[in-house]
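What follows is a set of notes on a single structure, which appears directly below.
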Amino acid sequence: MTRKLKKFVDSLPIPETLKTRRNTVDGNYYEVRMQEFFQKLHRDLPPTRLWGYNRQFPGPTIEVNRNESIKVKWINHLPNKHFLPVDQSILDPKLPEVRTVTHLHGGETASASDGYPEAWFTRGYEEVGPFFKGEVSEYHNQQRATMLWYHDHAMGITRLNNYAGLAGAYIIRDKHEKSLKLPSGKYELPLIIQDRSFNRDGSLSYPMQPENASNDLPNPSIVPAFTGDTILVNGKVWPYLEVEPRKYRFRILNASNTRGYRLHVDSGQPLCQIGSDGGLLERPVMMNQISMEPSERVDVIVDFSKHEGEEIILKNDLGANASPDDETNEVIKFNVTKTLSAQDKSIIPKRLSTIPSLRQNRISTIRNLTLEGSSDKYGRPLLLLNSKKWNDPITENPKVGTTEIWSFINTTGFTHPMHIHLIQFQVLSRQAFDLERYNQDETIIFTGPPKPPEPNERGWKDTIAAPSGQITRVIGKYGPYTGHYVWHCHILEHEDHDMMRPFVVIDSE
Ligand code: C2O
Ligand code: CU
Ligand code: CU
Numbered sequence: 120m121t122r123k124l125k126k127f128v129d130s131l132p133i134p135e136t137l138k139t140r141r142n143t144v145d146g147n148y149y150e151v152r153m154q155e156f157f158q159k160l161h162r163d164l165p166p167t168r169l170w171g172y173n174r175q176f177p178g179p180t181i182e183v184n185r186n187e188s189i190k191v192k193w194i195n196h197l198p199n200k201h202f203l204p205v206d207q208s209i210l211d212p213k214l215p216e217v218r219t220v221t222h223l224h225g226g227e228t229a230s231a232s233d234g235y236p237e238a239w240f241t242r243g244y245e246e247v248g249p250f251f252k253g254e255v256s257e258y259h260n261q262q263r264a265t266m267l268w269y270h271d272h273a274m275g276i277t278r279l280n281n282y283a284g285l286a287g288a289y290i291i292r293d294k295h296e297k298s299l300k301l302p303s304g305k306y307e308l309p310l311i312i313q314d315r316s317f318n319r320d321g322s323l324s325y326p327m328q329p330e331n332a333s334n335d336l337p338n339p340s341i342v343p344a345f346t347g348d349t350i351l352v353n354g355k356v357w358p359y360l361e362v363e364p365r366k367y368r369f370r371i372l373n374a375s376n377t378r379g380y381r382l383h384v385d386s387g388q389p390l391c392q393i394g395s396d397g398g399l400l401e402r403p404v405m406m407n408q409i410s411m412e413p414s415e416r417v418d419v420i421v422d423f424s425k426h427e428g429e430e431i432i433l434k435n436d437l438g439a440n441a442s443p444d445d446e447t448n449e450v451i452k453f454n455v456t457k458t459l460s461a462q463d464k465s466i467i468p469k470r471l472s473t474i475p476s477l478r479q480n481r482i483s484t485i486r487n488l489t490l491e492g493s494s495d496k497y498g499r500p501l502l503l504l505n506s507k508k509w510n511d512p513i514t515e516n517p518k519v520g521t522t523e524i525w526s527f528i529n530t531t532g533f534t535h536p537m538h539i540h541l542i543q544f545q546v547l548s549r550q551a552f553d554l555e556r557y558n559q560d561e562t563i564i565f566t567g568p569p570k571p572p573e574p575n576e577r578g579w580k581d582t583i584a585a586p587s588g589q590i591t592r593v594i595g596k597y598g599p600y601t602g603h604y605v606w607h608c609h610i611l612e613h614e615d616h617d618m619m620r621p622f623v624v625i626d627s628e
């Protein structure tokens, strides 16, 4: 039983920036505590029970400068029981029910601090997983300026911990970006988009079982996908934002479990995209619409200067017409009602950055990686990578410093956002093949030439849409660290049900 909520009655909250506990010679030290708390997500909803970093949903924004190392102590202060339905059938039932481990998504992070799914820990570090490497994570921030995000990554319950609220933004700044005079300060805002469903009492609603589940399914049982009927931005249901008639820079993140979006503004103007997951593009691209799979980020500039007095809605036209009462076709409303406080001196440079192509590198390995459907022992859909489960031996083992091409061969019926930890990669191409034929005898017959990536995908990416019946090829240099990492589909309901694999970066000797 969900309830209809009036749109655009709450103003957009901006997550606060995390304050340091101490500055030491070797960098700032932070402590972040995961806690249960209640927060009002809409004017007409009672406060919602959530789990958040420092009692905030989304978590506080971590802001750092490039090449400045920071340390973060992630503290689990959560209850021992989950408030969302934990499926014991997809994991070792002896595991403690509430486990957490924080991953910095898109970060070039040493293995020990990357948030390996089996590096989980419980409240007060009472119990820890086999890969737990210590209470404090270190982030060296040597990559270019961009918006990353941190979120929970605990084995088998990532979908639930994220849905409960464990996610936040992480912004790396650098001198080059500052020199560009992009809109900044109060004209640069994160937009963290998530979908949720609510019960009448304001509590989060998440299915106990798939719809029409048979009696022999475990209860609770994981669902193959989850989309909520309500869209939130920065933790508010369908908020509005009052803006001045000038340029704004929006750092957009799709932090939803399964839902993808295709965004445009209803004022008819294109969105000017200046950055992708891993930082600025080479030059701005004008996009009539922007697709965002879970975990993708886009950096866009919207110019409101010719729209004084207007109301402009950021619209979504992906999966938003499922039923007549589906309201997920709208995200946020911009009211251009503020008076211009000063002349807009920000600019959109024609040239934003230089992106050295990895194509010139020597390719040491090309890996063909299938995305495929099967079913588990209860007959539930089970999506796998290379026909392997999480626990199967490691098969991807790039040598540190080498360049590889990974080809995601999607043999399933829908798009999967594929994500690789540690690196930012470049998209080489997508190429369609005959899926029907593949399903008969596993032969790949191409039905067209390789297509170059979309203009807004020609920058650094860490998550990429791998559409059905296509091979999506990405090129990446594996380093600078060695050790254990993971690659997976970023639909959290897939990731938790074995659409995730470990990989290891090995020494070059
Ligand atoms: Cu957003 Cu494996 O992570
Ligand atoms: Cu990641
Ligand atoms: Cu998937």
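Residue 386 in our numbering sits at position 267 of the sequence shown, and the numbers go up by one each step.
Every residue, glycine too, gets a C-beta built ideally from N, C-alpha and C.
Given the structure is predicted, the values throughout are model-derived calculations rather than measurements.
### Message
With distance defined between alpha-carbon atoms, name the residue in 334, 422, 435, 376 nearest to residue 365.
### Response
Here residue 365 corresponds to residue number 246 of the sequence shown, with the count starting at 1. Answer by Cα proximity: 422.
### Message
When you measure from the CB of residue 224 to every non-hydrogen atom of ligand 2, does any distance come out below 7 Å?
### Response
The sequence position of residue 224 within the sequence shown is 105, counting from 1. Answer for residue 224: yes, Cβ within range of ligand 2.
### Limits of the beta strand (DSSP E) - the one that residue 143 falls within
Numbered from its first residue, the sequence shown carries residue 143 at position 24. Start and end: 141-143.
### Task
Keeping to the same chain, check which residues put their C-beta closer than 6 Å to that of residue 511; ignore five residues upstream and five downstream.
Locating residue 511 in the sequence shown gives position 392, where the first residue counts as 1. Excluding residues within five positions, none has a Cβ falling inside 6 Å.
### Message
According to DSSP, residue 516 sits in a beta bridge with which residue or residues?
### Response
Residue numbering aside, residue 516 sits at position 397 when the sequence shown is read from its first letter. Paired residue(s): none; residue 516 is not in a bridge.
### Query
According to DSSP, what are the bridge partners of residue 309?
The residue given as residue 309 occupies position 190 in the sequence shown. Looking at the DSSP assignment, residue 309 forms a beta bridge with 370.
### Query
Can you list every residue whose CB sits closer than 6 Å to some heavy atom of ligand 3, going in chain order?
502, 535, 608, 610, 613, 618
### Message
Quick check: is any heavy atom of ligand 1 less than 7 Å from the C-beta of residue 232?
### Response
For this step, residue 232 is matched to residue 113 along the sequence shown. Because no heavy atom of ligand 1 lies under 7 Å away, the Cβ of residue 232 does not count as near it: no.
### Query
Nearest to residue 252 by alpha carbon, out of 506, 395, 470, 235?
Here residue 252 corresponds to residue number 133 of the sequence shown, with the count starting at 1. Of 506, 395, 470, 235, the residue nearest in Cα terms is 235.
### Message
At a threshold of 7 Å, does residue 218 count as lining ligand 4 (C-beta to nearest heavy atom)?
### Response
As far as ligands go, the structure on display features ligand 1, ligand 2 and ligand 3 and does not contain ligand 4.
### Task
With a 10 Å radius around its C-beta and 16 neighbouring C-beta atoms as the bar for buried, classify residue 277 as buried or exposed.
Indexing the sequence shown from 1 puts residue 277 at position 158. With 16 or more Cβ atoms within 10 Å of its Cβ, residue 277 is classed as buried.
### Query
Tell me the DSSP bridge mates of residue 525?
Here residue 525 refers to the residue found at position 406 of the sequence shown. BP columns for residue 525 point to 486, 593.
### Query
For residue 561, which of 538, 604, 574, 489 has the nearest alpha-carbon?
Against the sequence shown, residue 561 aligns to sequence position 442. Out of 538, 604, 574, 489, 489 has the C-alpha closest to the C-alpha of residue 561.
### Task
Could you please give the first and the last residue of the uninterrupted beta strand (DSSP E) stretch that includes residue 452?
Within the sequence shown, residue 452 is the residue found at index 333, counting from 1. Here the beta strand (DSSP E) through residue 452 covers 449-454.
### Query
Using a threshold of 7 Å, is the CB atom of residue 616 nearer than that to any non-hydrogen atom of ligand 1?
Here residue 616 refers to the residue found at position 497 when the sequence shown is read from its first residue. No, ligand 1 has no heavy atom inside 7 Å of this Cβ.
### Task
Select from 232, 376, 493, 353 the residue whose C-alpha is nearest the C-alpha of residue 369.
Sequence index remark: in the sequence shown, residue 369 carries index 250 (1-based). Per the Cα distances, 353.
### Own chain residues within Cβ distance below 7 Å of residue 120, not counting five before or after
As a working note, residue 120 is residue 1 in the sequence shown. Because residue 120 sits at a pLDDT of 44, beneath the cut-off of 50, its placement in the model cannot be relied upon, and the following sentence gives the value as read from the coordinates. Answer for residue 120: 318, 319, listed in chain order.
### Query
To which residues does DSSP link residue 353 through a beta bridge?
Indexing the sequence shown from 1 puts residue 353 at position 234. Bridge partners of residue 353: none, in fact.
### Query
Are at least three pairs of beta-carbons, each pair with one atom in the region 342-349 and one in the region 438-449, less than 8 Å apart?
yes
### Between the CA atoms of residue 274 and residue 230 - distance to the nearest angstrom
Position 111 of the sequence shown holds residue 230. Position 155 of the sequence shown holds residue 274. When rounded, the distance between both Cα atoms is 16 Å.
### Query
residue 144: buried (16+ other C-beta within 10 angstroms of its C-beta) or exposed?
Translated into the one-based positions of the sequence shown, residue 144 becomes position 25. Flag for residue 144 reads exposed.
#### Entry: Span of the alpha helix (DSSP H), counted from its first residue to its last, around residue 557
The sequence position of residue 557 within the sequence shown is 438, counting from 1. Residues 554-560.
### Message
In chain order, what are the residue ranges of uninterrupted alpha helix (DSSP H) at least 4 long that sit wholly in the region 315-341?
### Response
none
### Beta-carbon spacing of residue 371, residue 471 below 8 Å
Start at 1 with the first residue of the sequence shown, and residue 371 comes out as number 252. Start at 1 with the first residue of the sequence shown, and residue 471 comes out as number 352. Contact flag unset, no.
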